[in-house]
Amino acid sequence: MKVDYFIVGLGLAGIAFCEQLRKANKSFLVFDNNSQQASLVAAGMYNPVILKRFTEVWMAKEQLALAKPYYKELESLLDVKLDHKLKLYRRFASIEEQNIWFTASDKPNLEPYLSTTLVSNTNPQIDAPHNLGEVFEAGRVDTTVLISNYKTYLKSHSQLLSDGFQYEALQIDAETLQYKNHEANHIVFCEGFGLKQNPFFNYLPLDGTKGEVLTVKVPDLKIDYALKSSVFIMPNSDEDYYVGATYNRFDKTNNPTEEGKAQLSSKLKTFLKAPFEVVSHKAGVRPTVNDRRPLVGTHSKHENLHVLNGLGSRGVMISPYAAKQLFNFIENKQPLNPEISITRYTS
Ligand SMILES: Cc1cc2nc3c(=O)[nH]c(=O)nc-3n(C[C@H](O)[C@H](O)[C@H](O)COP(=O)(O)OP(=O)(O)OC[C@H]3O[C@@H](n4cnc5c(N)ncnc54)[C@H](O)[C@@H]3O)c2cc1C
Numbered sequence: 397m398k399v400d401y402f403i404v405g406l407g408l409a410g411i412a413f414c415e416q417l418r419k420a421n422k423s424f425l426v427f428d429n430n431s432q433q434a435s436l437v438a439a440g441m442y443n444p445v446i447l448k449r450f451t452e453v454w455m456a457k458e459q460l461a462l463a464k465p466y467y468k469e470l471e472s473l474l475d476v477k478l479d480h481k482l483k484l485y486r487r488f489a490s491i492e493e494q495n496i497w498f499t500a501s502d503k504p505n506l507e508p509y510l511s512t513t514l515v516s517n518t519n520p521q522i523d524a525p526h527n528l529g530e531v532f533e534a535g536r537v538d539t540t541v542l543i544s545n546y547k548t549y550l551k552s553h554s555q556l557l558s559d560g561f562q563y564e565a566l567q568i569d570a571e572t573l574q575y576k577n578h579e580a581n582h583i584v585f586c587e588g589f590g591l592k593q594n595p596f597f598n599y600l601p602l603d604g605t606k607g608e609v610l611t612v613k614v615p616d617l618k619i620d621y622a623l624k625s626s627v628f629i630m631p632n633s634d635e636d637y638y639v640g641a642t643y644n645r646f647d648k649t650n651n652p653t654e655e656g657k658a659q660l661s662s663k664l665k666t667f668l669k670a671p672f673e674v675v676s677h678k679a680g681v682r683p684t685v686n687d688r689r690p691l692v693g694t695h696s697k698h699e700n701l702h703v704l705n706g707l708g709s710r711g712v713m714i715s716p717y718a719a720k721q722l723f724n725f726i727e728n729k730q731p732l733n734p735e736i737s738i739t740r741y742t743s
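In this note's numbering, the protein residues as written are 397 to 743.
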């Protein structure tokens with residue numbers, strides 16, 4: 397049977413594109429082989445501010461406006477809780493940093509997101525002599541729950557094949573794509589860092605930045621908010637918290653390392669006074685691009701081959717926006733935002 401679309405990859409990008417198709421009553425078949433882990437290990441945090449530099453995330457307002465209803469709809473489709481509202485505090489390392497925060501919070505684009513009230517820390521297990529600043533509009537999407545439930549949903553509709561997509565088996569014709577005994581009109585590649593194996597799009601400058609995260613048990617901490625310092629700590633369940641993340645541009649494997657664990661632990665100890673135990677440790681490769689914009693578009697020679705990638709370190713917030721852009725580009729001939737279009741590398 398012929399479907400409208402093949403999708404390769406069921407991380408945040410693949411799910412966001414499937415949702416565009418589902419809502420438009422398009423038929424599709426997904427391939428995923430668990431070769432990449434980014435969406436599975438992601439802490440799932442979203443927030444509209446880059447907390448290192450106190451600048452606005454690119455198109456934060458537009459992204460949030462799409463992301464919020466998108467996750468709500470997924471919650472009702474899958475009947476699970478995904479979007480957890482979460483208070484997010486930035487720990488100030490110095491008075492200078494406080495001042496930079498207040499200057500930033502005066503800017504019209506940041507004003508809705510940065511509180512101008514300093515919050516003094518009352519938790520004896522946290523060291524924060526220069527106080528905290530609250531970031532509004534932040535939260536956490538449980539990406540593990542999303543992916544496992546979305547897989548179950550697709551399987552129950554016979555729309556998921558747990559196979560690696562073999563690129564050499566794709567027969568391309570202007571009208572039809574043939575893959576083994578399946579046929580489709582279009583194919584969208586959403587492979588994350590797996591794009592490197594894709595002969596049609598591996599010319600794109602996807603760098604890949606490995607990230608490691610820990611889950612730590614801290615019985616004495618008892619916080620219900622996320623705290624960002626040199627690393628972030630965020631509640632998971634009961635006494636467990638996520639701690640992340642590392643950034644490594646050289647190692648492209650999904651293996652957790654002792655160096656990663658040591659780095660996260662020592663940064664955590666700079667502000668956490670309570671003893672903690674590491675209960676899990678995971679790693680994945682973020683699909684990062686040098687110019688920090690997604691890679692979205694259509695192959696220059698084959699009009700039915702498309703790519704949705706380059707979500708970087710913010711897949712939760714940006715995936716609904718990037719997927720909508722690609723869908724409208726293919727189906728409604730609407731131009732792509734030039735900042736995310738792959739023509740910036742091919743033209
Ligand atoms: C440690 C860490 C923490 C992070 N924290 C956050 C966070 O808090 N908030 C946030 O927004 N983002 C976070 N990110 C970034 C986020 O994970 C990514 O932006 C996002 O997951 C990328 O999604 P993707 O679908 O493009 O890629 P991936 O998640 O890598 O998914 C690609 C999928 O394609 C499949 N695939 C690849 N090749 C093939 C093939 N040939 N055949 C079949 N299937 C294939 C893979 O198995 C995989 O399922 C984090 C990333 C890491 C590593």
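All C-beta atoms, glycine included, are put in the ideal place defined by N, C-alpha and C.
When every heavy atom of ligand 1 is checked, does at least one fall within less than 7 Å of the C-beta of residue i?
i       : result
Phe-596 : no
Cys-586 : yes
Met-397 : no
Met-455 : no
Asn-430 : yes
Ala-719 : no
Tyr-442 : yes
Glu-415 : no
Glu-654 : no
Ala-438 : yes
Phe-725 : no
Ser-544 : no
Phe-424 : no
Gln-593 : yes
Asn-651 : no
Glu-735 : no
Phe-561 : yes
Phe-646 : no
Arg-710 : yes
Phe-589 : yes
Leu-707 : yes
Phe-427 : yes
Lys-435 : It is Ser, not Lys, that sits at residue 435 in the sequence shown. Indeed, a heavy atom of ligand 1 lies less than 7 Å from the Cβ.
Phe-607 : In the sequence on display, residue 607 carries Gly and not Phe. Checking every heavy atom of ligand 1 against the Cβ of Gly-607, one is found closer than 7 Å.
Should residue i be counted as a contact of ligand 2 given a C-beta to heavy atom distance under 7 Å?
i       : result
Pro-683 : With respect to small molecules bound, the structure shown includes ligand 1 and not ligand 2.
Could you say which of the options lies nearest to residue i if we only look at CA atoms?
i       : options                               : result
Asn-401 : Phe-723, Thr-499 and Lys-477          : The identity of residue 401 in the sequence shown is Tyr, whereas the question assumes Asn. Nearest C-alpha to Tyr-401: Phe-723.
Asn-651 : Gln-494, Ser-626, Ala-434 and Asn-686 : Ala-434
Ala-641 : Leu-623, Leu-660 and Thr-653          : Leu-660
Tyr-599 : Val-703, Met-455 and Ile-446          : Val-703
Gln-416 : Leu-484, Glu-727, Asn-581 and Thr-666 : Glu-727
Ser-745 : Asn-429, Val-399, Tyr-485 and Ala-463 : Outside the modelled stretch of the chain, which goes from 397 to 743, sits residue 745, for which no answer is possible.
Arg-689 : Ile-411, Gly-604, Asn-527 and Ser-423 : Gly-604
Ile-738 : Asn-519, Leu-691, Pro-716 and Ser-696 : Leu-691
Asn-443 : Leu-460, Arg-449, Ser-431 and Val-437 : Leu-460
Glu-458 : Pro-716, Ala-412, Asn-517 and Lys-729 : Pro-716
Asp-687 : Asp-620, Lys-448 and Arg-740          : Arg-740
If you run the structure through DSSP and keep just helix, strand and coil, what is residue i?
i       : result
Asn-517 : coil
Gln-574 : strand
Tyr-741 : helix
Met-713 : helix
Leu-602 : strand
Ala-658 : helix
Lys-669 : coil
Glu-608 : strand
Val-584 : strand
Arg-487 : strand
Lys-448 : coil
Val-614 : coil
Asn-495 : helix
Leu-425 : strand
List the whole-angstrom C-beta distance separating residue i from residue j, where the pair is believed to meet the contact cut-off of C-beta under 8 Å.
i       : j       : result
Val-404 : Gln-555 : Not really, about 13 Å apart at Cβ, beyond 8 Å.
Gly-407 : Val-537 : In fact, because the Cβ distance is near 13 Å, the residues do not count as touching under 8 Å.
Val-609 : Leu-664 : Not a contact, Cβ separation roughly 12 Å.
Ser-511 : Gly-529 : 6 Å
Tyr-549 : Pro-595 : With a Cβ gap of about 31 Å, Tyr-549 and Pro-595 do not count as contacting.
Phe-817 : Lys-648 : Absent from the model: residue 817. The displayed extent of the chain is 397 to 743, so no value can be given.
For a quick check, are the C-beta atoms of residue i and residue j less than 8 Å apart?
i       : j       : result
Ile-736 : Ala-719 : no
Lys-657 : Glu-635 : no
Pro-734 : Leu-591 : no
Asn-700 : Leu-542 : no
Glu-452 : Leu-514 : no
Asn-429 : Gly-560 : yes
Pro-601 : Val-685 : yes
Gly-706 : Leu-732 : no
Glu-587 : Gln-432 : yes
Thr-518 : Leu-436 : no
Give a yes or no on whether the minimum CB-CB distance between residue i and chain D is below 8 Å.
i       : result
Thr-518 : Considering every chain present, this structure includes no chain D. It has just one protein chain.
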